[in-house]
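Worksheet: the structure to be examined is printed underneath.
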Amino acid sequence: MNVGFYRSLFPITATHIHLASCSQGALAKPVSRAIEDYQHELLVSGNNWKAAMRKAEEARERFAKLIGAEADEIALVASVSDAISAVAVSLSAGAEKRKISFTDIDFPTVGHIWLAQESFKEKTSIIRSCHGEIPLEQYEQDVTADTLITCIPHVSYYNGYKQNLEEIARIVHQKGSLLFVDAYQSAGHIPIHVKEMKIDLLTAGTRKYMLGIPGAAFLYIRKELAEQLKPQITGWLGQNPSSTFDIERPMFAAGTRRFETGTPSFISIYAACSALNLLLEIGVEQIEADLTELARFTIQYGQEKGLHLIGPANLDQRSSLVAFQVGDAAKAEAMLRDKKVIVSAREDVIRIAPHLYNTQEEIQHALDELAIVLKKI
Ligand SMILES: Cc1ncc(COP(=O)(O)O)c(C=O)c1O
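Residue numbers in the sequence shown follow numbering that gives the first Met the number 0, run continuously in steps of one, and reach 376 at the last position.
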């Protein structure tokens, strides 16, 4: 990869060290131009509906390519929470099994959504982690024959712990459960192949490692499964084209498209298309290989500086998001920002989350500054 060229596409790298892709990826010039294109089309044409709908189809194809799915297996949604809610509500309506399993390392929105479903509330089971990790035996034990769906994060937002999706899929399928993966902390920098990994449902949004902006996310559901589901949150864009304008005879669209509702945030979709083109041009495998080297350095240098690593040190079990326990993380984040180092605080940790535009020297400088900051707070 021509690091210098790709790095030059991200203006923030000229003035700051941006290591917060687990929260908001840096904005690339082509992505910024795509946002302007959307505005420009409206300014000069007055109505860009057709062009915008074409862009939405382009985004659908790119999301599908990113995870090895077919375009019809992708629904464009506004956020990961919307994707999970859409699934939760439609499963509430029909399923015989009532047990829902999610993990205590999921992003909190997962629990908030499932616990809001009255019909599942009594049978919700939380798979517990040990030191931020979940051994496979825990899934063997907690996922049972009455589990309808098991929800897991691919990568923990808190400590970068990465789960073995193939093995977890094997276990939960043996028990007759569906597997729903939240890939928001992995999509864009860790390869995902839903067919090979045998994932039933998956969601991710664009503002983190996918280098987009808020307002665009996607929901993947394996086609045969999607067509058995009846969305309870729906709308005209989730309809078969023959019923889009038939107010009395709704008919769901083929595949996962049926989970769409109304007009999406086109501006976010323009950004997503451009960002995905960039990621796919470089290749997620290449990005992962480069980021693994940065993670290796972050862990080693952070420990040399006396920082306390949270999560596994083994690179096979983690993503490039490296978290150090610091106590007052919000204060450390603010103090680093004053030094033009952008990192992301969560509870008691500072997360160092590089992307394709970062260098080892930047991480070294950021960790030097973090060690100085920690002596002051
Ligand atoms: C793993 C994970 N899932 C879900 C979310 C929330 O996504 P959204 O705001 O799109 O619902 C986040 C946000 O940080 C996240 O890290």
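All residues carry an ideal CB built from backbone N, CA and C; glycine is no exception.
Query raised in the report: With burial defined as no fewer than 16 other Cβ atoms inside 10 Å of the residue's Cβ, what is the status of Val2: buried or exposed?
Result: exposed
Report task. Taking only heavy atoms of ligand 1 into account, decide whether any of them is closer than 7 Å to the Cβ of Leu181. Result -> First, the amino acid is wrong: residue 181 is Asp here, not Leu. Correct: Asp181 has its Cβ closer than 7 Å to ligand 1.
Requested in this report: Look at Ser74 and Glu226 and say whether their C-beta atoms are less than 8 Å apart.
Outcome: For the sequence presented, residue 74 should be read as Ala rather than Ser. Their beta carbons are not under 8 Å apart, which means Ala74 does not touch Glu226 by this criterion.
Query raised in the report: Are at least three pairs of beta-carbons, each pair with one atom in the segment 29 to 36 and one in the segment 177 to 190, less than 8 Å apart?
Result: no
Query raised in the report: So what's Ser185 in DSSP terms, helix, strand or just coil?
Result: coil
Query raised in the report: CB of Gly204 to nearest heavy atom of ligand 1: below 7 Å?
Result: yes
Query raised in the report: Does the separation of the CB atoms of Ala27 and Leu42 fall below 8 Å?
Result: no
Requested in this report: Just the C-alpha distance for Arg97 and Ser343, rounded to the nearest angstrom, thanks.
Outcome: 37 Å
Query raised in the report: Are the beta-carbon atoms of Lys174 and Thr143 separated by less than 8 Å?
Result: yes
Query - Given Ile125 as reference, the closest of Ile99, His153, Gly131 and Met209 once Cα atoms are compared - result: Ile99
Report task. Note down, in chain order, each residue of its chain lying with its Cβ closer than 6 Å to the Cβ of Phe62, except the 5 sequence neighbours on either side. Result -> Ile73 and Phe217
Query raised in the report: Just to check, is the beta-carbon of Gln23 closer than 7 Å to a non-hydrogen atom of ligand 1?
Result: no
Report task. Within the same chain, show all residues whose beta-carbon is closer than 6 Å to that of Ser273, passing over the 5 residues directly before and after it, in chain order. Result -> Pro29, Val30 and Ala33
Query raised in the report: Out of curiosity, what's the CA-to-CA distance linking Thr14 and Arg6?
Result: 12 Å
Query raised in the report: Taking 7 Å as the cut-off, does the CB of Thr108 come closer than this to any heavy atom belonging to ligand 1?
Result: yes
Query raised in the report: Who pairs with Thr149 in a beta bridge, going by DSSP?
Result: Ser100 and Leu178
Requested in this report: Would you kindly work out how many angstroms separate the C-alpha atoms of Asp103 and Val86, rounded to a whole number?
Outcome: 20 Å
Query - Cβ shell of Ile198 (< 7 Å), same chain only, five flanking positions each side left out - result: Leu164, Ala168, Leu178 and Val180
Query - heavy atom of ligand 1 below 7 Å from Gln299 C-beta - result: no
**Report entry** Local conformation of Cys129 per DSSP, three classes
**Finding:** strand
Query raised in the report: So, is Gly234 buried or exposed, given that buried needs 16 or more other C-beta atoms within 10 angstroms?
Result: exposed
Query raised in the report: For Gly211 versus Thr202, is the C-beta spacing smaller than 8 Å?
Result: no
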